[in-house]
Amino acid sequence: MENNVIESESRLTFFEATSIIIGHGVGSGILAVPYIASRTSWADIILIVAVAYFINLLMHLMIAELSLNNGGKQFIKCFETELFKGKLKKFFTAFAFAMLGLSVLLNVSGFIAGSAAVFNTWFGLNTRVSMLIYYVIAASVVFIGMKAVGICEKVAVSAMSVVIFVLFVATLRSPLSSLPSTLVASQNLLALYGAVSFSLSAVMSVPQAVKGLNGDVRKIRMSIIAGTGVNVFLLLLVTFMTLVGAGSAITQNGALVDLSAHLGGWVSVVGYLFTLLALSTSLWANTLNLRDIVHEQTKIGLRSSWIIASVPSLALALLGIQSFVGFTRLAGIIQVLTGVGIIMAYNRSRKEKNLDSPVCGFFGKVPFQILVVAGSLLATAGSIIKVL
195 MENNVIESES
205 RLTFFEATSI
215 IIGHGVGSGI
225 LAVPYIASRT
235 SWADIILIVA
245 VAYFINLLMH
255 LMIAELSLNN
265 GGKQFIKCFE
275 TELFKGKLKK
285 FFTAFAFAML
295 GLSVLLNVSG
305 FIAGSAAVFN
315 TWFGLNTRVS
325 MLIYYVIAAS
335 VVFIGMKAVG
345 ICEKVAVSAM
355 SVVIFVLFVA
365 TLRSPLSSLP
375 STLVASQNLL
385 ALYGAVSFSL
395 SAVMSVPQAV
405 KGLNGDVRKI
415 RMSIIAGTGV
425 NVFLLLLVTF
435 MTLVGAGSAI
445 TQNGALVDLS
455 AHLGGWVSVV
465 GYLFTLLALS
475 TSLWANTLNL
485 RDIVHEQTKI
495 GLRSSWIIAS
505 VPSLALALLG
515 IQSFVGFTRL
525 AGIIQVLTGV
535 GIIMAYNRSR
545 KEKNLDSPVC
555 GFFGKVPFQI
565 LVVAGSLLAT
575 AGSIIKVL
């Protein structure tokens with residue numbers, strides 16, 4: 195694949211591309227995991243995270259290769275080129291566009307709802323007023339463009355690293371609860387796998403890395419490995435802190451909201467700051483991705499596409515249909531299932547273009563494709579199942 199066929203509004207540094215992948219995954223998913231994890235055992239958590247990480251890493255690398263084979267395009271355009279054929283091509287393209295778009299809208303609604311919970315607790319503001327204020331501040335970054343998102347993601351990830359260290363030390367100095375050792379119900383394992391898979395998913399940001407890094411295979415591969423690796427570390431750290439810090443007082447408002455409320459004082463301010471940073475990085479990444487998908491399909495321009503990609507999410511959040519965790523699980527049902535279509539398109543792309551596997555190498559072969567599909571189906575089932 196020649197790099198000059200990749201069109202992008204701007205170029206990203208390696209750190210900016212990696213930060214977009216980190217920011218996509220470090221938001222609502224990670225903050226929702228401790229609620230489900232508290233209904234399992236710590237040993238189960240470690241095992242499930244390890245399995246989910248391996249399968250998700252494979253998926254991300256395959257997506258990078260699929261996007262690279264199609265000039266850095268997003269999923270729907272890749273589906274349209276590689277997967278959908280015949281008379282029903284337009285129908286399937288429109289259906290996939292609608293479903294993936296709904297997934298992102300629900301996801302971003304979760305970020306807005308989670309941030310409103312922080313504003314409500316921290317400032318005592320009305321929930322809907324909090325949503326409006328947060329939307330205006332956070333969504334404006336994506337309005338500026340991809341480079342602004344890359345820079346803000348980089349700054350936010352660096353800030354989160356400092357915040358999480360301070361919060362970790364404060365948690366260890368407070369009265370600690372025991373880690374969960376009892377599995378409440380076996381179905382919680384599947385629910386946890388679904389939540390972890392969703393929280394580690396930055397699949398829609400991978401094409402941004404492909405475009406922003408101008409098709410540099412080595413940098414693309416390393417940004418995915420580094421970004422998903424950091425997300426695993428943060429997921430385990432946030433889950434551990436919440437479980438030993440908040441104990442049984444874990445709700446569906448988001449992990450660090452509960453932890454901050456439990457610790458109180460100045461530590462609560464730090465916890466709320468991390469939550470806002472984490473939700474903002476995910477909002478930027480998701481809205482940027484949907485903006486590009488809308489633009490690729492409609493050609494109406496990036497600014498108009500930004501409106502379509504962000505305003506409906508605000509409306510859904512204002513309606514108050516779901517809790518924070520509820521929003522993220524609904525989004526996970528659609529977005530994780532999208533992995534099946536992605537792998538089918540990837541398989542077709544490898545066969546039709548008869549190309550080497552520059553990004554995945556050995557791990558792009560059919561047995562690993564089947565593993566990713568199976569993992570996506572299990573994760574989708576986990577997003578549906580009730581947590582006891």
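Numbering (the numbering used here), first residue to last: 195 to 582. Backbone N, C-alpha and C fix where the C-beta goes; we use that ideal spot for every residue, glycine too. Just so it is clear, the structure is predicted and the values come from calculations on it, not from any experiment.
Could you tell me whether the Cβ atoms of VAL220 and LEU477 are closer together than 8 Å? no
Does DSSP put SER375 in a helix, a strand or coil? strand
So, at 7 Å on beta carbons, what are the nonlocal neighbours of SER474 in its own chain, with the 5 sequence-adjacent residues on each side left out? ALA332 and ALA350
Under DSSP, the alpha helix (DSSP H) around ILE501 begins and ends at which residues? 496-513
With a threshold of 6 Å on Cβ separation, who are the neighbours of SER213 within its own chain once the five nearest residues in sequence on each side are excluded? GLU347, LYS348 and VAL351
For SER297, which of helix, strand or coil comes out of DSSP? helix
Output needed for LEU582: all residues of its chain with C-beta closer than 7 Å, excluding positions within five of it in sequence on either side, in chain order. ARG233, VAL378, ALA379, GLN381 and ASN382
Would you list the one or two residues that DSSP bridges to SER235? SER375
Might you give, ordered along the chain, the residues of its own chain that have their beta carbon closer than 8 Å to the beta carbon of GLU201, omitting 5 neighbours on each side? GLY265, GLY266 and LYS405
Alpha helix (DSSP H) containing ILE414: first to last residue? 411-440
I'd like to know whether the C-beta atoms of MET256 and ILE537 end up nearer to each other than 8 Å. yes
Could you check what DSSP says for VAL581 in three-state terms: helix, strand or coil? coil
On a CA-only basis, which of LYS279, LEU384 and ALA246 is nearest ALA575? Give me that one, please. LEU384
How about the region 486-504 and the region 413-433: do they share at least three Cβ pairs that are nearer than 8 Å? no
Report the three-state DSSP secondary structure of MET195 (helix, strand or coil). With a pLDDT of 42 at MET195, under the threshold of 50, the predicted position of this residue should be treated as unreliable, and no value is reported.
Among LEU484, SER309, ILE242 and ARG322, whose alpha-carbon lies nearest the alpha-carbon of VAL390? ILE242
In the DSSP assignment, the alpha helix (DSSP H) including PHE208 goes from what residue to what residue? 208-219
Looking only at C-alpha atoms, which of SER499, ALA226, LEU294 and VAL245 sits nearest to GLY535? LEU294
Report the residue from ALA539, ASN320, ASN425 and LEU277 whose alpha carbon sits nearest the alpha carbon of MET354. ASN425
Starting from the C-beta of GLU490, find all residues in its chain whose C-beta is less than 8 Å away, skip the five residues before and the five after it, and write them out in chain order. LYS267, GLN268, ILE270 and LYS271
Whole angstroms is fine: what's the gap from PRO374's alpha carbon to ILE358's? 22 Å
Is LEU187 buried or exposed, if buried means 16 or more other CB atoms sit within 10 Å of its CB? With the chain running from 195 to 582 in the structure shown, residue 187 is simply not present.
Which of the three DSSP states is assigned to LEU571 in this structure? helix
Whole-Å CB distance - TYR466 paired with LEU260, under 8 Å assumed: The Cβ separation is near 38 Å, so there is no contact.
Residue closest to PHE273, alpha-carbon to alpha-carbon, out of MET398, ILE216 and THR287: THR287
Starting from the C-beta of LEU407, find all residues in its chain whose C-beta is less than 8 Å away, skip the five residues before and the five after it, and write them out in chain order. ARG205, LEU206, PHE208, ALA211, LYS413, ILE414 and SER417
Go through its chain and collect everything with a Cβ distance to VAL411's Cβ below 7 Å, but skip five positions before and after it. PRO552 and VAL553
If you draw a straight line from the alpha carbon of PRO401 to that of SER368, how long is it in whole angstroms? 42 Å
If I'm right that LEU565 touches ILE249 with Cβ under 8 Å, what's the distance once you round it to whole angstroms? 6 Å
Reduced DSSP secondary structure (H/G/I, E/B, other) of PHE291: helix
Measure the alpha-carbon distance for TRP236 versus ALA244 and round it to whole angstroms. 13 Å
Spatially closest choice to GLY569 from TYR247, ASP238 and ILE215, by CA coordinates: TYR247
Can you give the beta carbon distance from ALA307 to ALA511, rounded, assuming they're within the 8 Å contact cut? 5 Å
Of all the options LEU482, HIS254, ALA231 and GLU203, which has the alpha carbon lying nearest to the alpha carbon of PHE434? ALA231
Closest by CA to LEU470, which one among VAL298, PHE313, LEU299 and GLY388? PHE313
Backbone CA spacing between VAL567 and ALA573 [nearest angstrom]: 10 Å
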